[in-house]
Amino acid sequence: MNVVDKVRSCERIYLEDALKLYELDLFTLGELADEKRKALHGKKTYFNINRHINPTNVCKDICKFCAYSASRKNPNPYTMSVEEIVDIAKQSWENGAKEVHIVSAHNPEAGLDWYLGMFKAIKEELPDIHIKALTAAEVNFLAEEYGLSIDEILDRMVENGVDSMPGGGAEIFDEKVRDYICKGKVSSKGWLDIHKKWHKRGKKSNATMLFGHVERREHRIDHMLRLRDLQDETGGFNCFIPLVYQKENNFLKVEEFPTGQEILKTMAISRIVLDNIPNLKAYWVTSTINLALIAQEYGANDLDGTIERESIQAAAGAKSAYGMPLDDFVHLIKDSGFIPVERDSLYNELKVW
Ligand code: V47
Numbered sequence: 008m009n010v011v012d013k014v015r016s017c018e019r020i021y022l023e024d025a026l027k028l029y030e031l032d033l034f035t036l037g038e039l040a041d042e043k044r045k046a047l048h049g050k051k052t053y054f055n056i057n058r059h060i061n062p063t064n065v066c067k068d069i070c071k072f073c074a075y076s077a078s079r080k081n082p083n084p085y086t087m088s089v090e091e092i093v094d095i096a097k098q099s100w101e102n103g104a105k106e107v108h109i110v111s112a113h114n115p116e117a118g119l120d121w122y123l124g125m126f127k128a129i130k131e132e133l134p135d136i137h138i139k140a141l142t143a144a145e146v147n148f149l150a151e152e153y154g155l156s157i158d159e160i161l162d163r164m165v166e167n168g169v170d171s172m173p174g175g176g177a178e179i180f181d182e183k184v185r186d187y188i189c190k191g192k193v194s195s196k197g198w199l200d201i202h203k204k205w206h207k208r209g210k211k212s213n214a215t216m217l218f219g220h221v222e223r224r225e226h227r228i229d230h231m232l233r234l235r236d237l238q239d240e241t242g243g244f245n246c247f248i249p250l251v252y253q254k255e256n257n258f259l260k261v262e263e264f265p266t267g268q269e270i271l272k273t274m275a276i277s278r279i280v281l282d283n284i285p286n287l288k289a290y291w292v293t294s295t296i297n298l299a300l301i302a303q304e305y306g307a308n309d310l311d312g313t314i315e316r317e318s319i320q321a322a323a324g325a326k327s328a329y330g331m332p333l334d335d336f337v338h339l340i341k342d343s344g345f346i347p348v349e350r351d352s353l354y355n356e357l358k359v360w
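The working numbering numbers the first residue of the sequence shown as 8 and each following residue consecutively.
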């Protein structure tokens, strides 16, 4: 059976066939991914009203792709106080945000109480806001820095009010590529184990993949397959997010950047290979909003959110520092022929706009 027929008859796709999918013309591949998307979500595109908070950029790690860390190229180190973080969350809640997405650098000076206490303080003021916080890389950092087990950190996250985990820190699982781009950070196995333990607590998380730098196509597929295996076991991933590498202000030497076609193909193949993860997010911050809108026809059914502020990718060149106004977001989705559906952080539908 050829690969197109295999996809249409819902056979599982492994490395060799996934690489063949890259060789298809963009339209055929798009059609296949769109069939999968439509079967699950029709013409609905999910988004949420959220606020990203990046409370510190002081980091002991040295990821080559990172422009955000103040230990590398960013000349402005900062660490917010818990009061500042709570104030931001309150302001955003008043503006309609239902989720705070909180991701920090690995700051050895901040202290465990600061890392975990901010969640408790937010929940005391805003018991109904959803806290999506701490990547597996941060969890690993906290466990190592403070001599606790991963289980202890995860338990304390739950006690302090973290509702779900974001997908950051996954980068690329292939060990050679990972060593080259972010040596010293959580290992691939470590990242997957942390999410597995989180899922075992009945909690949900997301998974990212940073692509378009020094990795090759087979590394992307290997990354997806490792996620698919874990998802078979736990069912805890809500969403897969392929992050397009942003090239400014960092130390990663990249010769060739992916074309729009390569990005769309990667989205489409994610939709096909990750047959057990229901949502595929075209994160407009890294793909640009234009390509994210087109990605809706290549398997993507989620565009993340209004964000309000974003510092990590903005430091590397993305046009995301001030998020996207709700009105623009809704109109762009509608005008591109899809149905904007506001969701909560766990993909329950809140409102069809
Ligand atoms: O893991 C760092 C990435 C991630 C660059 O779970 C870069 O809903 C591109 O994980 N170019 C953090 N990306 C952000 C993240 C995320 C974002 C949106 C939604 C969710 C979610 C998660 O940012 C890191 C890293 O892979 N990153 N530098 C860069 N130069």
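Here a beta-carbon is modelled for each residue, glycine too, at the ideal position from N, C-alpha and C. Since this is a predicted model, take the numbers as computed values, not measurements.
Can you grab the Cα-Cα spacing for the pair residue 223 / residue 250, in whole Å?
In the sequence shown, counting from the first residue as 1, residue 223 sits at position 216. In the sequence shown, counting from the first residue as 1, residue 250 sits at position 243. Residue 223 and residue 250: Cα-Cα distance of roughly 15 Å.
May I ask which residues mark the beginning and end of the alpha helix (DSSP H) holding residue 230?
On the sequence shown, residue 230 is found 223 positions in, with the first residue counted as 1. Looking at the DSSP string, the run of the alpha helix (DSSP H) that includes residue 230 is 224-241.
Using only CA atoms, which one of 297, 280, 282 and 302 lies nearest to residue 288?
Taking the sequence shown and counting its residues from 1, the one referred to as residue 288 is at position 281. For the residues 297, 280, 282 and 302, the minimum Cα distance to residue 288 belongs to 302.
Going by DSSP, name the residue or residues bridged to residue 346.
As a first step, residue 346 must be located in the sequence shown, where it is residue number 339. Looking at the DSSP assignment, residue 346 forms a beta bridge with 51.
Report yes if the C-beta of residue 74 is less than 7 Å from at least one heavy atom of the ligand V47; otherwise report no.
Here the question's residue 74 lines up with position 67 in the sequence shown. Yes, the beta carbon of residue 74 sits closer than 7 Å to at least one heavy atom of the ligand V47.
Residue(s) in a DSSP beta bridge with residue 212:
Taking the sequence shown and counting its residues from 1, the one referred to as residue 212 is at position 205. Partner(s): 172 and 244.
Buried or exposed (CB count within 10 angstroms, at least 16 for buried), residue 350:
Walking along the sequence shown from the start, residue 350 turns up at place 343. With 16 or more other Cβ atoms within 10 Å, it is buried.
Per DSSP, what kind of secondary structure is residue 312 in: helix, strand or coil?
Counting from one through the sequence shown, the residue named residue 312 turns up at place 305. DSSP places residue 312 in strand when its eight states are reduced to three.
Shortest alpha-carbon distance to residue 60 belongs to which of 24, 125 and 30?
In the sequence shown, the residue the question calls residue 60 occupies position 53. Comparing Cα-Cα distances from residue 60 to each of 24, 125 and 30, the minimum goes to 125.
Are there any heavy atoms of the ligand V47 lying less than 7 Å away from the beta-carbon of residue 68, as far as the coordinates show?
Counting from 1 along the sequence shown, the entry for residue 68 is found at position 61. Outside the cutoff, so no.
Under 8 Å Cβ to Cβ from residue 83, same chain only, skipping five residues before and after it: list those, please.
Start at 1 with the first residue of the sequence shown, and residue 83 comes out as number 76. If we look at residue 83 and ignore the five residues flanking it on each side, its Cβ neighbours are 64 and 77.
Considering only C-alpha positions, which residue in the set 265, 322, 98 and 104 is nearest to residue 312?
As a first step, residue 312 is located in the sequence shown; it is residue number 305 there, counting from the start. The candidate whose alpha carbon is nearest that of residue 312 is 104.
Nearest-angstrom Cα separation, counted from residue 146 out to residue 163:
Looking up residue 163 in the sequence shown gives position 156. Looking up residue 146 in the sequence shown gives position 139. Roughly 11 Å between the two C-alpha positions.
Would you check if the stretch 338-352 and the stretch 316-327 touch, i.e. whether three or more CB-CB distances between them fall below 8 Å?
no
CB-CB under 7 Å to residue 357, same chain, minus the five flanking residues each way: which ones, in chain order?
Walking along the sequence shown from the start, residue 357 turns up at place 350. Closer than 7 Å at the Cβ level, and outside the excluded window around residue 357, lie 349, 350 and 351.
May I ask you to check if the CB of residue 110 is nearer than 7 Å to at least one heavy atom of the ligand V47?
The residue you call residue 110 lines up with position 103 of the sequence shown. Correct: residue 110 has its Cβ closer than 7 Å to the ligand V47.
In this structure, what does DSSP give as the bridge partners for residue 60?
Working through the sequence shown from its first residue, we reach residue 60 at position 53. Residue 60 pairs with 109.
Distance cut-off 7 Å: residue 238 Cβ against heavy atoms of the ligand V47
Working through the sequence shown from its first residue, we reach residue 238 at position 231. Flag unset: Cβ of residue 238 not near the ligand V47.
If you draw a straight line from the alpha carbon of residue 66 to that of residue 87, how long is it in whole angstroms?
Walking along the sequence shown from the start, residue 66 turns up at place 59. Walking along the sequence shown from the start, residue 87 turns up at place 80. Spanning the two alpha carbons is a distance of roughly 14 Å.
Measure the CB-CB distance between residue 178 and residue 217 and report whether it falls below 8 Å.
Residue numbering aside, residue 178 sits at position 171 when the sequence shown is read from its first letter. Residue numbering aside, residue 217 sits at position 210 when the sequence shown is read from its first letter. The answer is yes: Cβ separation under 8 Å.
Is residue 173 near the ligand V47 - that is, is its Cβ less than 7 Å away from at least one heavy atom of it?
Translated into the one-based positions of the sequence shown, residue 173 becomes position 166. It does: the Cβ of residue 173 is within 7 Å (strictly closer) of some heavy atom of the ligand V47.
Taking just the CA atoms, how far does residue 9 sit from residue 330?
Mapped onto the sequence shown, residue 330 falls at position 323. Mapped onto the sequence shown, residue 9 falls at position 2. Taking the straight line joining both Cα atoms gives about 43 Å.
Would you report the Cα separation of residue 284 and residue 14, rounded to the nearest angstrom?
In the sequence shown, counting from the first residue as 1, residue 284 sits at position 277. In the sequence shown, counting from the first residue as 1, residue 14 sits at position 7. Those two C-alpha atoms are separated by around 16 Å.
Residue 130: first and last residue of the uninterrupted alpha helix (DSSP H) it sits in
For the purposes of this step, residue 130 is taken as residue 123 along the sequence shown, with counting starting at 1. Start and end: 119-132.
Segment contact, 8 Å Cβ cut-off, at least three pairs: the stretch 262-272 with the stretch 235-246:
no
Regarding residue 197 and the ligand V47, is the C-beta to nearest heavy atom distance less than 7 Å?
The residue given as residue 197 occupies position 190 in the sequence shown. Checking every heavy atom of the ligand V47 against the Cβ of residue 197, none is found closer than 7 Å.
From residue 221 to residue 128, what does the alpha carbon distance come to, in whole angstroms?
On the sequence shown, residue 221 is found 214 positions in, with the first residue counted as 1. On the sequence shown, residue 128 is found 121 positions in, with the first residue counted as 1. Each residue's alpha carbon lies about 41 Å from the other.
Pull up the DSSP beta-bridge partners for residue 138, would you.
In the sequence shown, the residue the question calls residue 138 occupies position 131. DSSP output for residue 138 lists 107 as bridge partner(s).
Pairwise C-alpha distance: residue 201 and residue 157:
As a first step, residue 157 must be located in the sequence shown, where it is residue number 150. As a first step, residue 201 must be located in the sequence shown, where it is residue number 194. For residue 157 and residue 201, the distance between alpha carbons rounds to 7 Å.
With respect to the alpha helix (DSSP H) encompassing residue 90, which residues constitute its N-terminal and C-terminal limits?
The sequence position of residue 90 within the sequence shown is 83, counting from 1. 89-101 is the span of the alpha helix (DSSP H), which, as asked, contains residue 90.
By a C-beta neighbour count over all protein chains shown, 10 Å radius and 16 as the cutoff for buried, is residue 35 buried or exposed?
The sequence position of residue 35 within the sequence shown is 28, counting from 1. Exposed, by the Cβ-count rule.
Quick one: which unbroken beta strand (DSSP E) runs of 3-plus residues sit fully inside the stretch 243-280? Chain order, please.
244-251
Residue span of the beta strand (DSSP E) that contains residue 359, given as start and end:
Within the sequence shown, numbered from 1, the residue matching residue 359 stands at position 352. Here the beta strand (DSSP E) through residue 359 covers 356-359.
For residue 297, count neighbouring Cβ atoms within 10 angstroms of its own Cβ and tell me buried if that reaches 16, exposed if not.
Here the question's residue 297 lines up with position 290 in the sequence shown. The residue is exposed, with fewer than 16 neighbouring Cβ atoms inside 10 Å.
Residue from 286, 277, 150 and 95 whose Cα sits closest to the Cα of residue 29
Taking the sequence shown and counting its residues from 1, the one referred to as residue 29 is at position 22. The option with the nearest alpha carbon to residue 29 is 277.
Taking the alpha carbon of residue 57 as the reference point, which residue from 90, 214 and 173 has its own alpha carbon closest?
The sequence position of residue 57 within the sequence shown is 50, counting from 1. Taking only the C-alpha atoms, the option nearest residue 57 is 173.
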